[in-house]
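From first to last, the protein sequence lines stand for chains D and C. The opening position of the first sequence corresponds to residue 60 in the working numbering, with each subsequent residue numbered one higher. The opening position of the second sequence corresponds to residue 60 in the working numbering, with each subsequent residue numbered one higher. Following: one structure in structure tokens, then a few remarks.
Protein chains: 2
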Amino acid sequence: MTRQPLTTRQPLPTIYHGLDAAAVARLNSLTGQRSLNPGEYLFLQHTPAKSVYVLESGMLMMERSSSTGRRQVMAFMHPGNYIGITHNEHYDFTVSALAKSTVCEIPLKAFVVLQDEVPQLKENVRRIGGNILAHAFDQVFALGQKKAHERVCFLLKQLSDRLPQQRCHSVELIMTRQDIADYLGLTIETVSRAFSKLKQEGLIDVYSAHTIEIRDMAMIEELALAD
Amino acid sequence: MTRQPLTTRQPLPTIYHGLDAAAVARLNSLTGQRSLNPGEYLFLQHTPAKSVYVLESGMLMMERSSSTGRRQVMAFMHPGNYIGITHNEHYDFTVSALAKSTVCEIPLKAFVVLQDEVPQLKENVRRIGGNILAHAFDQVFALGQKKAHERVCFLLKQLSDRLPQQRCHSVELIMTRQDIADYLGLTIETVSRAFSKLKQEGLIDVYSAHTIEIRDMAMIEELALAD
DNA sequence: CGGGACCTTGAAACACCTCAAATATGGTGG
DNA sequence: CCACCATATTTGAGGTGTTTCAAGGTCCCG
Chain D
60 MTRQPLTTRQ PLPTIYHGLD AAAVARLNSL TGQRSLNPGE YLFLQHTPAK
110 SVYVLESGML MMERSSSTGR RQVMAFMHPG NYIGITHNEH YDFTVSALAK
160 STVCEIPLKA FVVLQDEVPQ LKENVRRIGG NILAHAFDQV FALGQKKAHE
210 RVCFLLKQLS DRLPQQRCHS VELIMTRQDI ADYLGLTIET VSRAFSKLKQ
260 EGLIDVYSAH TIEIRDMAMI EELALAD
Chain C
60 MTRQPLTTRQ PLPTIYHGLD AAAVARLNSL TGQRSLNPGE YLFLQHTPAK
110 SVYVLESGML MMERSSSTGR RQVMAFMHPG NYIGITHNEH YDFTVSALAK
160 STVCEIPLKA FVVLQDEVPQ LKENVRRIGG NILAHAFDQV FALGQKKAHE
210 RVCFLLKQLS DRLPQQRCHS VELIMTRQDI ADYLGLTIET VSRAFSKLKQ
260 EGLIDVYSAH TIEIRDMAMI EELALAD
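Have a look at this one:
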């Protein structure tokens with residue numbers, strides 16, 4: 060069996076994929092815009108799930124917290140991402156903005172009705188759910204099986220995959236080290252040391268704490284996949 | 060906010076939930092039975108996904124392996140569970156039998172067609188997908204944030220929740236310590252020590268390696284939730 | 001330029017892992 | 001039914017990676 064990513068990923072579907080103009084128009088008629096400043100919450104864990112969202116610009120973070128204050132970041136979200144999948148009447152995670160962001164807000168009730176009338180829309184949501192699940196499984200594998208520096212590579216690869224194809228593999232880390240640590244199940248110090256180690260080994264350059272250049276993508280990928 | 064499980068769970072839906080007799084009959088007309096002995100594979104990671112399954116009896120395990128041999132167990136599956144959710148044309152995990160098991164095999168193509176004709180069936184699959192996702196998020200939280208003995212409690216709670224409501228909280232661990240370790244992102248020795256520690260603290264009794272009695276369910280739950 | 005938040009680095013503690021040996025378990029054939 | 005065997009589990013000792021605690025440095029914004 061040839062070397063390959065554990066999960067083969069199609070281009071990420073959006074809820075708009077393959078919709079005709081009429082459907083898009085109907086969808087847009089339901090939606091409202093919302094702006095978020097860094098640190099602001101889109102919604103809170105345990106509050107009623109009355110809307111779903113599509114991220115237009117900026118970056119969001121999805122996290123789950125226990126009452127003891129332990130926090131797990133579940134995902135970092137990029138433009139185009141659909142937000143609000145839940146099997147409850149309540150959100151079971153919090154979503155907040157890492158950067159100035161804008162989202163489309165779609166009332167859940169109306170969205171569900173529209174899905175029944177536009178099968179392609181329902182299909183899109185189904186596919187997105189599948190992608191989210193695949194992402195969650197990747198994360199389970201990473202947290203269960205990978206070492207600290209491999210987990211950091213796992214994140215770097217995820218972020219660089221979101222970038223438009225380009226020669227220079229420069230990655231903007233908009234989130235803080237604490238966010239990264241809580242995403243990877245580590246501490247900020249361990250994350251910091253992992254970056255230092257990768258830098259020292261020549262796999263990356265750290266221009267500033269939030270601007271990383273990947274110098275050896277092949278090696279980063281190998282570590283990311285732990286393959 | 061009152062103490063509560065991180066994820067509130069409805070009674071687990073099956074694909075049969077709310078179907079009328081005609082729909083069930085049509086579904087059954089598609090399905091074949093299959094028997095598995097312990098250790099036997101239902102299907103392998105990276106093989107074409109041509110069927111989905113419903114576990115009738117026994118216990119299955121879903122796992123993902125990398126080519127270096129690192130293995131992550133994603134789930135243990137109980138009767139009624141639906142198996143084969145994938146967003147690929149290939150399964151991205153292996154499913155094998157822990158005990159003698161029987162499954163219903165449903166050809167994927169025909170199942171998809173039937174879903175279009177029976178909206179309730181499609182709805183059931185959607186709900187199941189949501190449950191699987193919720194389970195995956197729980198696991199991410201556990202692997203990212205919990206200590207070894209808390210992860211073991213997390214598993215004990217998951218298994219005891221599957222049991223019919225009864226006074227004595229006796230849990231059968233059908234899987235090996237290695238399976239448990241690979242599920243929780245630990246080693247067999249650490250799992251074994253965690254059991255010993257819980258036993259010594261009087262939270263459980265270990266009758267044999269595969270038969271555990273939970274003596275202090277409240278405490279186990281507290282550790283499981285890390286709340 | 002000053003201050004607060006964020007990040008990095010170091011040293012020591014700790015949890016978990018690795019390696020090794022002893023013990024228990026469960027299945028099989030006598 | 002029992003003895004035996006292979007396999008699985010437990011336990012111990014020592015090593016490693018990650019965390020914790022602490023200090024110093026850097027960046028960014030007013």
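Cβ coordinates follow ideal geometry from the N, Cα and C atoms, glycine included. Computed from a predicted model, the values in this text were never measured in an experiment.
C-beta neighbour in chain C for residue i, strict 7 Å
i, result
"D/His76", "no"
"D/Arg210", "no"
"D/Leu103", "no"
"D/Ser160", "no"
"D/Gln174", "no"
"D/Ala108", "no"
"D/Gln217", "no"
"D/Ser125", "yes"
"D/Gln204", "yes"
"D/Gly139", "no"
Inter-residue Cα distance where the pair is residue i and residue j
i, j, result
"C/Met133", "D/Leu192", "12 Å"
"C/Ala285", "D/Arg130", "11 Å"
"C/Thr316", "C/Glu99", "Limits of chain C in this structure are 60 at one end and 286 at the other, which puts residue 316 of chain C out of reach."
"D/His208", "D/Leu282", "8 Å"
"C/Tyr141", "C/Val113", "5 Å"
"C/Leu262", "C/Ser255", "10 Å"
"D/His228", "D/Val171", "40 Å"
"C/Thr73", "C/Arg185", "11 Å"
"D/Asp275", "C/Leu103", "32 Å"
"D/Glu148", "C/Asp175", "25 Å"
"C/Arg221", "C/Met136", "10 Å"
"C/Leu31", "D/Gln204", "Because chain C here runs from 60 to 286, residue 31 of chain C falls outside it and cannot be looked at."
"C/Arg236", "C/Tyr242", "10 Å"
"D/Gln92", "C/Lys206", "42 Å"
Contact under 7 Å by Cβ, residue i with residue j
i, j, result
"C/Ile273", "C/Ile279", "yes"
"C/Ser116", "C/Pro97", "no"
"D/Met120", "D/Ser155", "yes"
"D/Thr153", "D/Glu122", "yes"
"C/His76", "C/Asn183", "yes"
"C/Ala158", "C/Ile247", "no"
"D/Leu202", "D/Gly143", "no"
"D/Val177", "D/Ala82", "yes"
"C/Lys258", "C/Val250", "no"
"C/Val111", "C/Ile165", "yes"
"C/Leu218", "C/Val230", "yes"
"D/Leu86", "D/Ala169", "no"
"D/Ala195", "C/Ala195", "yes"
"D/Val211", "D/Ala277", "no"
"C/Val199", "D/Val199", "yes"
7 Å Cβ cutoff, residue i in contact with chain D
i, result
"C/Glu146", "The sequence as given places His at residue 146 of chain C; Glu does not occur at that position. With 7 Å as the cut-off, C/His146 counts as an interface residue toward chain D."
"C/Phe200", "yes"
"C/Leu192", "yes"
"C/Gln131", "yes"
"C/Ser116", "no"
"C/Gln179", "no"
"C/Gly143", "no"
"C/Ala195", "yes"
"C/Gly98", "no"
Residues sharing a beta bridge with residue i, DSSP
i, result
"D/His149", "D/Pro107"
"C/Arg130", "C/Ser124"
"C/Glu231", "C/Thr270"
"D/Met136", "D/Leu119"
> Residue ranges of each alpha helix (DSSP H) run of no fewer than 4 residues wholly in the segment 76 to 103 of chain C, ordered along the chain?
Replying inline: 80 to 89
>> My parser needs the beta strand (DSSP E) runs of 3 or more residues fully inside the segment 152 to 219 of chain D; what are they?
In response: 153 to 156 and 160 to 166
>> Quick check for students: name the residue ranges of the alpha helix (DSSP H) that lie wholly in the segment 244 to 273 of chain C, counting only runs of 4 or more.
In response: 247 to 259
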